[in-house]
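Undergrad:
Protein chains: 2
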Amino acid sequence: MRLLLWMGLVAAAASAQVKYDDILAGPGANWLTYAGSYSGQRHSSLNQINTATAKNLTPKWVYHVPDAKKLEAVPVVYDGILYVTNSNQLHALDARTGRKIWVYRDEQAEGSRVNRGPAILGDKVYFVTTDCHLVALHRKTGAVLWHKKYADTKDGYLATMAPFAVKDKIIVGMGGGDSGARGFLKALSAETGQEFWTLWTVPAKGEPGAETWSKDVTLRWGGAATWLSGTFDPALNLLYWTTGNPWPDFYGGDRLGANLYSDSLIAVDVDSGKLKWHFQFTPHDTHDWDAQSWPVLLDIPWDGPPRKVVVHPNRNGFFYVLDRVTGEFLRATQFADKVDWAKGIDAKGVPILNPDKDPTPGGTRACPAVRGAANWMSPSYNPATGLFYLPTLEQCDIYSSSAKEPKPMTGFAGTGGEQIPAEPGQMFLRAIDPRTGKRVWQYPMTGPATAWAGTVSTAGGVVLFGDDAGHLVAADAKTGKHLWHFGTSQNITASPITYLVDGKQYVTICSATHVFTFGLFTPAE
Amino acid sequence: MRLLLWMGLVAAAASAQVKYDDILAGPGANWLTYAGSYSGQRHSSLNQINTATAKNLTPKWVYHVPDAKKLEAVPVVYDGILYVTNSNQLHALDARTGRKIWVYRDEQAEGSRVNRGPAILGDKVYFVTTDCHLVALHRKTGAVLWHKKYADTKDGYLATMAPFAVKDKIIVGMGGGDSGARGFLKALSAETGQEFWTLWTVPAKGEPGAETWSKDVTLRWGGAATWLSGTFDPALNLLYWTTGNPWPDFYGGDRLGANLYSDSLIAVDVDSGKLKWHFQFTPHDTHDWDAQSWPVLLDIPWDGPPRKVVVHPNRNGFFYVLDRVTGEFLRATQFADKVDWAKGIDAKGVPILNPDKDPTPGGTRACPAVRGAANWMSPSYNPATGLFYLPTLEQCDIYSSSAKEPKPMTGFAGTGGEQIPAEPGQMFLRAIDPRTGKRVWQYPMTGPATAWAGTVSTAGGVVLFGDDAGHLVAADAKTGKHLWHFGTSQNITASPITYLVDGKQYVTICSATHVFTFGLFTPAE
């Protein structure tokens with residue numbers, strides 16, 4: 006009897022551990038990392054929800070997050086428990102019913118911000134507080150195991166990102182680049198929170214890349230924030246991370262040069278934290294074009310045999326394909342119709358600028374809009390269709406600049422991108438063939454283009470995405486044909502996930518104040 | 006061509022008119038008045054949702070009411086449009102999809118309060134503002150037709166009730182009795198808002214009933230508020246309305262006597278506004294036992310032949326049956342187990358008091374709790390089962406009083422009913438046979454007993470109700486057996502309605518911030 010009990014405990018303890026290999030296996034029954042898999046493809050092997058059955062989707066449960074106004078979290082799901090975050094809080098819910106299991110609130114954290122979700126590894130679930138603490142909680146009980154402060158708000162730092170669990174590490178980044186905070190990536194021990202390494206995304210004096218900043222800019226500042234999660238290639242042992250705009254945002258006069266590693270994709274050895282290579286999409290950015298859209302890892306035919314590439318739809322309107330081993334630029338194609346800040350991208354990957362599209366004190370109309378043609382809401386990729394599903398905004402803005410001396414940790418009055426009232430934006434879900442860069446189909450959205458949501462792809466041949474009218478939509482992954490939708494009645498600024506509960510496929514997406522979960526209709530027994 | 010168009014317009018204009026006869030017909034395709042019918046039975050003739058199909062209920066749409074925190078509205082539905090209110094706003098929604106058609110916001114109204122719903126008659130939809138304006142809007146366009154101020158906030162008045170449309174009149178009541186405002190009912194013209202009559206629920210000096218107040222109480226005050234809608238017997242031409250507690254609430258020393266017509270049911274001729282009869286449930290109330298639960302009109306066998314009765318589950322724990330022609334007391338039975346303020350009700354309908362249960366400066370434990378064993382959330386009655394469905398709270402409180410001189414329009418510090426931490430409440434849905442007063446079944450709820458929702462009965466043999474855990478529940482009307490539920494994830498303090506859209510039966514209930522609408526699952530074509 007005692008032996009049996011003891012064996013039962015061991016089994017329970019084993020199943021309670023999320024292993025690195027579990028995350029490596031990619032999304033199936035569980036959804037274990039922000040983008041579903043390390044590749045960032047957000048493609049699930051589940052196929053119960055398919056082109057034939059999607060019409061039978063219906064809400065299974067909703068969960069109201071108290072105090073929430075604008076949920077941006079992508080939950081993780083493990084072992085029937087769904088973990089979702091809001092500003093300084095993490096909610097553990099029964100994924101079958103939405104019933105609350107436990108809630109952790111950090112009452113000490115300063116201020117209130119969006120939060121993009123948790124990470125999970127071992128027996129711990131992790132999230133970041135507004136004031137840059139990485140918090141590790143016991144995933145079953147919500148007990149606080151430790152708190153690790155990894156940056157200081159008095160240096161302009163804040164945090165909104167989903168921590169990224171890789172091997173024995175939790176990778177964290179920072180926000181605050183728009184008010185000057187100097188970007189970094191840090192690897193902390195998943196077990197203890199102790200720091201393994203820091204990589205600065207703005208080089209210090211004397212370091213490679215420092216020559217791309219004019220001498221007036223002190224490198225205590227500079228932006229190039231790392232406010233979203235990244236992706237990872239286990240064979241190459243490389244993290245892929247994108248960086249935000251340089252600071253000051255719209256006025257480039259104080260930071261002549263390319264301003265590395267702002268608006269870049271960086272490849273970083275996950276164990277050493279060393280920069281392996283970098284590629285800068287928008288040198289000397291004056292349009293606030295953070296590179297914060299996902300670097301998605303694909304193995305696709307390229308002039309014959311498959312090649313390891315990383316693709317990246319940039320806020321600047323171009324869809325980039327790079328060799329992910331070397332960082333070699335392979336191609337950039339325009340994925341938005343409204344692009345005029347550059348005439349194109351040259352053979353080396355450098356934008357061919359339209360010089361009259363720079364922000365001016367009086368204002369300059371330029372496209373895409375400051376929100377970008379793409380942004381941080383997740384695209385997805387379906388290996389069966391070979392298509393990349395990208396939420397896209399077609400819009401132009403008036404860009405203005407000011408030559409006032411920039412002050413870190415303050416905004417810039419009178420500068421930025423401003424919407425043109427007579428030119429409302431139009432959103433689309435676009436399917437792009439990454440082998441050619443060509444658009445295969447598009448799904449026009451019908452909302453006000455003020456919200457923005459992501460996508461998830463499934464082996465059922467369905468792409469699920471939020472539209473700008475607050476609907477979760479299921480479309481045929483091959484053709485873009487509408488299959489089903491449900492209106493959440495509020496803006497969606499998050500991305501859907503899919504997983505199994507009791508052997509049945511569910512889809513969850515956060516709307517402004519509620520977590521909505523859908524499944525195929527089955528009459529109660 | 007011109008003739009056809011003209012005929013089409015006439016047909017449209019005719020269908021756009023809600024007639025008194027339509028409301029008289031009771032709830033079927035539409036839901037035209039707060040309680041569904043003038044009888045207050047909240048029993049729908051629809052039967053698509055029945056004991057066999059209820060398990061196939063699923064959310065059809067949700068609608069977020071911006072700024073809402075605690076929706077208490079019961080919508081009305083006509084011609085495919087659902088009208089729902091929140092504080093100083095009325096939303097017209099497409100009942101098929103929840104899509105917003107128009108929203109009216111009264112920006113001038115003072116403060117923010119709950120609102121219990123609209124009324125509809127002719128081409129107008131009506132609601133009350135926080136500051137006692139009756140607003141008439143065109144039901145198709147939301148255009149303001151008129152605003153009629155019918156009470157003044159500087160006299161302590163406020164309004165939260167659903168206006169009651171009868172014949173050519175809109176009946177309105179008032180809130181504010183807890184801070185002393187003198188109760189009234191008013192009949193305004195449905196067409197113009199002009200006043201037909203006012204009936205004061207606290208008599209003036211020299212009027213019948215004035216002798217039930219000690220001379221120290223000026224009758225500019227007194228309470229006996231009329232903050233909920235009423236019911237109506239078209240054959241008798243009588244309105245049935247319940248009144249609130251006398252003021253000051255918990256300290257009776259300044260208002261010796263029975264304090265008519267507080268805590269009463271009054272029968273009022275709808276054309277003249279004359280009081281036909283009254284029955285007082287709780288003379289000289291010191292427990293804040295507003296009579297605000299529905300007076301429901303039934304024709305049931307009583308010692309043989311059917312009798313026209315009115316039944317009323319009172320906050321004080323007793324279920325009353327009165328002759329609704331004469332007001333004759335027929336019987337009161339205890340419907341809550343926890344009742345100790347009175348030992349029973351005598352043959353004349355007068356409570357047999359337990360004198361040691363009066364509030365004291367030091368506090369007295371008494372039952373029911375100050376929230377009442379029943380309250381304003383709607384019960385319902387199914388003529389086929391002969392059962393009355395009553396949400397019930399089992400709870401006791403500590404009642405305290407203070408002999409400080411009361412000041413109108415201010416609260417009383419240190420008096421009232423206070424929850425006993427070690428004795429949480431327990432809620433039930435109870436089915437009572439009004440012919441015997443006996444409990445036939447009960448459905449125990451599992452929530453924290455802090456919210457409170459109403460019920461709707463259907464010819465499908467199903468009773469639908471909100472529980473105290475935020476679920477909409479369908480139960481077998483005969484047995485109380487659970488058939489289905491869906492969790493809205495927030496407190497429900499409103500009552501469900503049911504109606505047809507495109508020939509299919511829907512159920513709608515307001516949760517805290519959202520309107521939820523359910524229907525039977527049918528796969529998309």
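The listed protein sequences derive, respectively, from chains A and B.
If you want the numbering used here, it's the position in the first sequence, counting the first as 1, plus 5.
If you want the numbering used here, it's the position in the second sequence, counting the first as 1, plus 5.
The C-beta atom is built at its ideal place from N, Cα and C for all residues, glycine as well.
Starting from B:Asn91, follow its DSSP beta bridges and name the residues at the other end.
TA: B:Gln94
Undergrad: By the 10 Å Cβ neighbour count, where 16 or more other Cβ atoms means buried, how is B:Gln510 classified, buried or exposed?
TA: buried
Undergrad: Measuring CB to CB, does A:Met450 end up less than 8 Å from A:Phe433?
TA: yes
Undergrad: With H, G and I counted as helix, E and B as strand and the rest as coil, what does DSSP make of A:Tyr325?
TA: Here A:Tyr325 sits in strand by DSSP.
Undergrad: Could you pull the start and end residues of the alpha helix (DSSP H) that B:Leu398 belongs to?
TA: That residue, B:Leu398, is in no alpha helix (DSSP H); its beta strand (DSSP E) goes 392-399.
Undergrad: Whose Cβ in chain B lies nearer than 9 Å to the Cβ of A:Gly249?
TA: Within 9 Å Cβ-Cβ: nothing; A:Gly249 doesn't reach chain B, min ~32 Å.
Undergrad: With distances taken from CA atoms, which of B:Ala480, B:Ala73, B:Thr460 is nearest B:Ile502?
TA: The residue with the shortest Cα to Cα distance from B:Ile502 is B:Thr460.
Undergrad: Is it buried or exposed for A:Thr331, if we count other Cβ within 10 angstroms and need 16 for buried?
TA: exposed
Undergrad: I need the DSSP call for B:Gly182, collapsed to helix, strand or coil.
TA: helix
Undergrad: In this structure, does DSSP put A:Leu29 in helix, strand or coil?
TA: Correct three-state label for A:Leu29: helix.
Undergrad: Quick one: what's got a C-beta closer than 7 Å to B:Asn359's C-beta in the same chain, skipping five residues either side?
TA: Asp345, Trp346, Ala347, Lys348
Undergrad: List, in chain order, every chain B residue whose beta-carbon is nearer than 8 Å to that of A:Gly31.
TA: What A:Gly31 touches in chain B: nothing, since even the nearest Cβ is about 30 Å away.
Undergrad: Classify A:Ala209: buried if its beta carbon has 16 or more other beta carbons within 10 angstroms, exposed otherwise.
TA: By the 16-neighbour rule on beta-carbons within 10 angstroms, A:Ala209 is exposed.
Undergrad: Whole angstroms is fine: what's the gap from A:Gly524's alpha carbon to A:Asp99's?
TA: Using only the alpha carbons, I get a separation of about 15 Å.
Undergrad: Nearest chain B C-beta to A:Ser117 closer than 8 Å, yes or no?
TA: Closer than 8 Å: no.
Undergrad: Does the Cβ of B:Val79 have 16 or more other Cβ atoms within 10 Å, making it buried, or fewer, making it exposed?
TA: buried
Undergrad: Anything in the region 477-506 of chain A with a Cβ closer than 9 Å to a Cβ of chain B? List those residues in chain order, please.
TA: Leu488, Trp489, Phe491, Gly492, Thr493, Ser494, Gln495
Undergrad: Is it buried or exposed, A:Lys24, if we count other Cβ atoms within 10 angstroms and call 16 or more buried?
TA: exposed
Undergrad: Indicate whether at least one CB of chain B lies closer than 8 Å to the CB of A:Trp457.
TA: Not one chain B Cβ lies under 8 Å of A:Trp457.
Undergrad: Taking buried to mean at least 16 other C-beta atoms within 10 Å of its own C-beta, is B:Ala17 buried or exposed?
TA: With a pLDDT of only 44 at B:Ala17, under 50, the local geometry of the prediction cannot be trusted, and no value is derived from it.
Undergrad: For A:Val15, which residues from the same chain have a beta carbon less than 7 Å from its beta carbon, with the 5 sequence-adjacent residues on both sides left out?
TA: Here the model assigns A:Val15 a pLDDT of 39, short of 50, so the residue's position is not dependable, and the following value carries that caveat. The answer is none, since no qualifying residue turns up.
Undergrad: From A:Ala479, A:Leu327, A:Lys75, pick the residue whose C-alpha is nearest to that of A:Gly465; which is it?
TA: A:Ala479
Undergrad: Find the nearest neighbour of B:Pro373 within the set B:Ser42, B:Trp381, B:Met382, B:Lys362, judged by alpha-carbon distance.
TA: Of the candidates B:Ser42, B:Trp381, B:Met382, B:Lys362, the one whose C-alpha sits nearest the C-alpha of B:Pro373 is B:Lys362.
Undergrad: Pairing CB atoms from the region 405-412 of chain B with CB atoms from the region 69-83 of chain B, are three or more of them under 8 Å?
TA: no
Undergrad: Would DSSP call A:Thr217 helix, strand or coil?
TA: A:Thr217: helix per DSSP, three-state reduction.
Undergrad: Judging by CA-CA distance, which residue of A:Gly122, A:Lys145, A:Asp111 is the nearest neighbour of A:Lys105?
TA: A:Lys145
Undergrad: Note down, in chain order, each residue of its chain lying with its Cβ closer than 6 Å to the Cβ of B:Ala141, except the 5 sequence neighbours on either side.
TA: For B:Ala141, same chain residues with a beta-carbon under 6 Å away, outside a window of 5 residues either side, are Lys129, Tyr131, Leu150, Trp151 in chain order.
Undergrad: Can you confirm whether B:Thr518, when its beta carbon is compared against all beta carbons of chain A, has any partner nearer than 8 Å?
TA: At a cut-off of 8 Å between beta-carbon atoms, B:Thr518 makes contact with chain A.
Undergrad: Within its chain, find whatever has a CB closer than 8 Å to the CB of B:Leu10; leave out the 5 residues flanking it on each side and keep chain order.
TA: Low confidence applies here, because B:Leu10 scores a pLDDT of 41, under 50, leaving its location unreliable and the question unanswered by this model.
Undergrad: Would you say A:Trp232 and A:Met179 are within 8 Å of each other, going by their C-beta atoms?
TA: yes
Undergrad: Quick check: the Cα distance between A:Gly367 and B:Val82, rounded to an integer number of angstroms?
TA: 53 Å
Undergrad: Which residues in the same chain have their Cβ closer than 8 Å to the Cβ of A:Thr527, if we skip the five residues on either side of it in sequence?
TA: Lys509
Undergrad: Restricting to Cα atoms, I'd like to know which of A:Ile357, A:Thr217, A:Gly45, A:Ala436 is closest to A:Thr390.
TA: A:Ala436
Undergrad: Counting only beta-carbon atoms, is A:Gly103 nearer than 8 Å to chain B?
TA: yes
Undergrad: Kindly indicate which three-state DSSP category B:Pro439 falls into: helix, strand or coil?
TA: coil
Undergrad: At a CB-CB cut-off below 7 Å, which residues of chain B make contact with A:Tyr68?
TA: Ser494
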